[in-house]
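Residue numbers (the numbering used here): 93 to 643.
Shown next as structure tokens:
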């Protein structure tokens, strides 16, 4: 018998069950044959790749282009080491949603609602909706900058971009969209010839990538803000929601998790290569020039490339920016549409035609239209919106990671796929680090003249908090595992007490027992959410004040 006939799953949309039709291959629903040979494994990998590539390259969007190029133009290659530190963070966060998507068959937003209640669920979805809407606006801001440099009408260019992004999703053919996404992923490689043409010093790049150091004679508060921006643009909340829902929509099941992990690794390589390229060629082009240390925006980078390196690398950079903004707009809009569909349990699949999933496609297209209209409306504070996205992303990211960690320790959800002790310890430390950076970012936005002693104090205090959070996570994990009444094994067994890990799926949501959080976990969630309410509220108030003054 096939897995689908023996296992009742929690999928909310019937379109989420069936054959896998990826951009580069297909796998039949009843194909359970072992992949014993290398060609068979490669064929399976080609069919599975897509979610990891799109979510990672989609994260190298307009905000990333602005942040990475600013780091290169203002501080050279001295901050490359931050990317090395973010690689394990990226992998751990996204690998957890890979398991959640494949094992549960349900999106991230719906799981939060089911396990933590309507209050926490609504808070998370509202966070996501507001932040994603602003992020999509920044994607279209990036499109206008690229179009301006290329000499294309911004009105018609933005209109054409919006239509392309909407049409690519609205075909009712999952494979067709994924092929569109893979083409855009390939477009991100346009940054590689740029760095080859500029040929920055490879030895310096390698040294700064592996050896952490701070820029000389630079104000610590400004450098820390840029580091926080790099973290916020590289590890974004929408990625968690997008990849989990996209895996569900692609019909990936637990037996393909190892292939999806490889897909994720390839995506991380591409995103890091792009980030290193941008920081490095900006450092090389502007070193010793009047523009060094005086970053403006991505358009200024393109103009500088044309002035000091030639027209071709500048055009390639502008095309890469345009490509990145289009894939970013599509991915972020999809993340939101998937989340809304999950929460309200309405049809939400790229396998469905627009008339068969009206709400899903309406949310998606509505976000695109709203962003395009705002960007084309004279007087819209575009620069302020861009800063708001980076700030809010840094403030809201810790809460998303906390929910992710708790879900991945819920044995009723993941069964044999729950987090290991080592993974919990690492993720607990990551959460503490994100909270620490979030506090620094919030304080710096509210108090622009924040002194270095305050930043050092936050870092020291944050280090102590990291130890406390790590200990708390370990306690939670040990207490949770202590209540387990069954064991798991990867390979099938005839013994009734052993469960096949590769075919285990989460049961329907209405059959799940209530979530049981330890008192410590509840206290941590309340404290974190309280901080986020205050921090996000103060940041939004500051943004409104700046907008009022600017007006």
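All C-beta atoms in this analysis are idealised placements derived from N, C-alpha and C, irrespective of residue type, glycine included.
All values reported here derive from a predicted model rather than from experimental measurement.
Coil, strand or helix - residue i by DSSP
| i | result |
| --- | --- |
| residue 322 | helix |
| residue 309 | coil |
| residue 491 | helix |
| residue 118 | strand |
| residue 112 | strand |
| residue 592 | strand |
| residue 579 | Caution applies to residue 579, whose pLDDT of 45 falls short of 50 and renders its modelled position unreliable; the model cannot decide the point. |
| residue 445 | coil |
| residue 294 | helix |
| residue 107 | helix |
| residue 500 | coil |
| residue 224 | helix |
| residue 424 | helix |
| residue 624 | helix |
| residue 285 | helix |
| residue 94 | Note that residue 94 has pLDDT 40, beneath the 50 cutoff, so the model's placement of it is unreliable and the number below is only indicative. Of the three classes helix, strand and coil, the one that applies to residue 94 here is coil, per DSSP. |
| residue 439 | coil |
| residue 584 | Model confidence at residue 584 stands at a pLDDT of 49, short of 50, so the residue's coordinates are unreliable and nothing is read from them. |
| residue 510 | coil |
| residue 598 | coil |
| residue 327 | coil |
| residue 102 | coil |
Expected contact under 8 Å - CB spacing of residue i and residue j to nearest Å
| i | j | result |
| --- | --- | --- |
| residue 495 | residue 204 | 5 Å |
| residue 241 | residue 332 | Actually they do not touch by this definition, with Cβ atoms about 33 Å apart. |
| residue 668 | residue 387 | No information on residue 668 is available, as it lies outside the stretch 93 to 643 that the chain covers here. |
| residue 250 | residue 410 | That pair is no contact at about 15 Å. |
| residue 171 | residue 322 | 7 Å |
| residue 417 | residue 154 | 5 Å |
| residue 369 | residue 286 | 7 Å |
| residue 606 | residue 102 | About 16 Å separates the two Cβ atoms, so there is no contact after all. |
| residue 455 | residue 419 | Wrong, their Cβ atoms sit about 19 Å apart, outside the cutoff. |
| residue 493 | residue 526 | 6 Å |
| residue 193 | residue 364 | Rounded, the Cβ-Cβ distance is 23 Å, inconsistent with contact. |
Cβ neighbours of residue i in the same chain (closer than 7 Å, five flanking residues each side left out)
| i | result |
| --- | --- |
| residue 396 | 377, 378, 383 |
| residue 110 | 121, 343 |
| residue 290 | 373, 376, 377, 401, 405 |
| residue 327 | 178, 181, 182, 185, 489 |
Same chain, Cβ closer than 8 Å to residue i, neighbours up to 5 away in sequence not counted
| i | result |
| --- | --- |
| residue 511 | 188, 497, 500, 501, 519, 569 |
| residue 292 | 169, 372, 373, 375, 376 |
| residue 247 | 468 |
| residue 297 | 169, 172, 368, 372 |
| residue 355 | 137, 140, 141, 142, 143, 144, 145 |
Contact set for residue i: own chain, Cβ-Cβ below 6 Å, skip 5 residues either direction
| i | result |
| --- | --- |
| residue 451 | 438 |
| residue 596 | 507, 508 |
| residue 206 | 601 |
| residue 162 | 387 |
| residue 588 | Low confidence applies here, because residue 588 scores a pLDDT of 46, under 50, leaving its location unreliable; read the following figure in that light. Around residue 588: no qualifying Cβ. |
Check your understanding: Going along the chain, which unbroken runs of the alpha helix (DSSP H) with 4 or more residues stay wholly within the stretch 330-401?
Key -> Whole alpha helix (DSSP H) segments, 4+ residues: 349-378, 390-400.
Exercise for review: Would you check if the stretch 269-284 and the stretch 155-169 touch, i.e. whether three or more CB-CB distances between them fall below 8 Å?
Suggested key: The stretch 155-169, when compared against the stretch 269-284, does not touch it at the 8 Å Cβ threshold.
Review point. Can you find at least 3 beta carbon pairs, one from the stretch 257-269 and one from the stretch 444-453, that sit closer than 8 Å?
Key: Three or more beta-carbon pairs drawn from the stretch 257-269 and the stretch 444-453 are found closer than 8 Å, and the two stretches are therefore classed as touching.
Check your understanding: Are the stretch 414-425 and the stretch 142-154 touching by the rule of at least three beta carbon pairs closer than 8 Å?
Key -> They touch, by the three-pair rule.
Practice item. Run through the stretch 242-266 for me and flag every whole beta strand (DSSP E) of 3 or more residues, listed as ranges in chain order. Key: Runs of the beta strand (DSSP E) inside the stretch 242-266: none found.
Check your understanding: Residue ranges of each alpha helix (DSSP H) run of no fewer than 4 residues wholly in the stretch 133-214, ordered along the chain?
Key -> Correct list: 143-151, 154-167, 173-196.
Exercise for review: Determine contact between the stretch 117-137 and the stretch 348-355, defined as no fewer than three beta-carbon pairs at a distance below 8 Å.
Suggested key: The answer is yes - the stretch 348-355 touches the stretch 117-137, with three or more Cβ pairs under 8 Å.
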